[in-house]
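Asker:
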Amino acid sequence: MTMQTQALPRTGMGTGSRKALLLGGGLLLALAAPFLLYPVFLMKVLCFALFACAFNLLIGFAGLLSFGHAAFFGSAAYIAAHTVKVWNWAPEFGLIAATAVAGLMGLVFGLIAIRRQGIYFAMITLALSQMVFFLALQLPFTHGEDGIQGVPHGTLFGLFDLNQPLTMYYAVLAIFVGGFALIWRTVHSPFGQVLKAIRENEPRAVSLGYRTDRYKLVAFVLSASLAGLAGGTKALVFQLASLTDVTWQMSGEVVLMTLLGGMGTLFGPVIGAALVVTLESYLASTSLPVPVVIGCIFVVCVLVFRRGIVGEIVARSGRGRKPS
């Protein structure tokens, strides 16, 4: 008599369950964070994390390196600050206007640059961003080097007083979660799969009948809009919009955050943004040169973690998992 063995069901936690557990744990940690750390510092981390995630959507999943994302971030900061302070708009309408302007700028930039590839695309976005910087320096409503200061926090939806630090923090957290969820859904949609195909082999995607320029343009506009949302939120948090937000150094900083955390990963830019903001905040109280120290740390991370911190962890955990 032949005995047949029946495979026992695997009781280990699946990938989807691990991701859900990670997301749930991260959300609970974010909800409790303002009782443990300074809320303003946490809001700065969330703003730059959303900015880095928006940039990562373009470079990590569409393969487009932009050196001009500070144009969207900074322009949206000016729009949000001006509409809320001068026109007395509610903060939610100021953020909507800032996001819409950034998306429109992304459409214009994309139509100009999207047909170029590689370094040519990057240089065009940098040149356009520098034009925005000089406009911000000259236009009357930006107040030049002084920027727009004293932006009122206001009341969100007429219900939530943003002058309260905890209320402002949870509003910023909700904005970040909404933006991150949109990026998550985009990446895991058929549209996101086409973007990955374009990143890996654009000629093959063209041969399959996809109009790659349109897909890249939509990704560019979405990335610019979310970068604008991050910039507008930052202006409301710090009650300030200045030239610092539109400089090319800001574009370089978001590249640094994305590469440190892990390009092409969803959580990598969040970790990278948290690391850079933490280092800047800590080193600001010391006599050490902040750019030099961050540059050295970046070089070490690139040498040790070539895929970024999160990318390297994911790659090593994948190699260590035994095939079933």
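Positions in the sequence shown are counted from 1; adding 73 to them yields my numbering.
Don't be surprised by glycine CBs; every beta carbon is placed ideally from N, CA and C.
Is the beta carbon of G167 sitting closer than 8 Å to the one on A209?
Answerer: Taking C-beta atoms as the reference points, G167 and A209 fail to come closer than 8 Å.
Asker: For the alpha helix (DSSP H) that I344 lies in, which residues bound it at each end?
Answerer: I344 -> alpha helix (DSSP H) spans G341 to L356.
Asker: For T398, which of helix, strand or coil comes out of DSSP?
Answerer: As displayed, the chain neither begins before 74 nor continues past 397, which places residue 398 out of reach and without an answer.
Asker: With distances taken between CB atoms, is the gap from A135 to I256 smaller than 8 Å?
Answerer: No.
Asker: Taking G334 and G368 to be in contact with their CB atoms under 8 Å, please state how far apart those CB atoms are, rounded to whole angstroms.
Answerer: In fact, because the Cβ distance is near 16 Å, the residues do not count as touching under 8 Å.
Asker: Name the DSSP beta bridge partners of I221, please?
Answerer: A314
Asker: Which whole-angstrom value describes the C-beta separation of V363 and V205, a residue pair presumed to lie in contact below a C-beta threshold of 8 Å?
Answerer: That pair is no contact at about 25 Å.
Asker: Where A186 and I197 are concerned, what is the direct C-alpha to C-alpha distance, given to the nearest angstrom?
Answerer: 6 Å
Asker: Q312 to D219, Cα distance in whole Å?
Answerer: 13 Å
Asker: Classify T317 as buried or exposed, calling it buried when 16 or more other Cβ atoms lie within 10 Å of its own Cβ.
Answerer: exposed
Asker: Among all the DSSP beta bridges, which residues are the ones paired with D234?
Answerer: Bridge pairing for D234: T228 [DSSP].
Asker: Look up S139 in the DSSP assignment and say whether it is helix, strand or coil.
Answerer: coil
Asker: Counting only the same chain and skipping the five closest in sequence on each side, list residues whose C-beta sits under 7 Å from that of H155.
Answerer: F214 and I221
Asker: Could you say which of P342, T338, L115 and P263 lies nearest to M330 if we only look at CA atoms?
Answerer: P342
Asker: Along the chain, where does the alpha helix (DSSP H) containing R379 start, and where does it finish?
Answerer: Element bounds for R379: n/a, residue is neither H nor E.
Asker: Could you check where the alpha helix (DSSP H) with A270 kicks off and where it finishes?
Answerer: P263 to E273
Asker: Once DSSP output is grouped into helix, strand and coil, what is the label at R189?
Answerer: coil
Asker: Within 10 Å of its beta-carbon, does Y111 have 16 or more other beta-carbons around it, so buried, or fewer, so exposed?
Answerer: Burial check for Y111: the Cβ neighbour count within 10 Å stays below 16, so the residue is exposed.
Asker: Does any residue of chain C have a CB that is nearer than 8 Å to the CB of G147?
Answerer: Note that chain C does not occur in the displayed structure, where there is just one protein chain.
Asker: Going by DSSP in three states, A163 sits in which element: helix, strand or coil?
Answerer: coil
Asker: Within 10 angstroms of the Cβ of E273, are there 16 or more other Cβ atoms? Answer buried if so, exposed if not.
Answerer: exposed
Asker: Rounded to a whole number of angstroms, what is the C-alpha to C-alpha distance between C374 and L199?
Answerer: 25 Å
Asker: Taking the beta carbon of G304 as the centre, do at least 16 other beta carbons fall within 10 Å, making it buried, or is it exposed?
Answerer: buried
Asker: On the criterion of 16 or more Cβ atoms from any shown chain inside 10 Å, does G301 qualify as buried, or is it exposed?
Answerer: buried
Asker: Within 10 Å of its beta-carbon, does G223 have 16 or more other beta-carbons around it, so buried, or fewer, so exposed?
Answerer: exposed
Asker: When the Cα of L201 is compared with those of V387, L352, F340 and S324, which residue comes out closest?
Answerer: Of the candidates V387, L352, F340 and S324, the one whose C-alpha sits nearest the C-alpha of L201 is S324.
Asker: Comparing C-alpha positions only, which one of S280, G252 and A292 sits nearest to L123?
Answerer: G252
Asker: CB-CB under 7 Å to Y242, same chain, minus the five flanking residues each way: which ones, in chain order?
Answerer: Excluding the 5 residues flanking it on each side, Y242 has same chain C-beta neighbours closer than 7 Å at P107, P112, L115 and M116, in chain order.
Asker: Does the Cβ of S296 have 16 or more other Cβ atoms within 10 Å, making it buried, or fewer, making it exposed?
Answerer: S296 comes out buried.
Asker: Compute the beta-carbon to beta-carbon distance between G265 and T338, rounded to the nearest angstrom, for a pair I have assumed lies under 8 Å.
Answerer: Going by Cβ atoms, the distance from G265 to T338 rounds to 13 Å, so no, they are not a contact pair.
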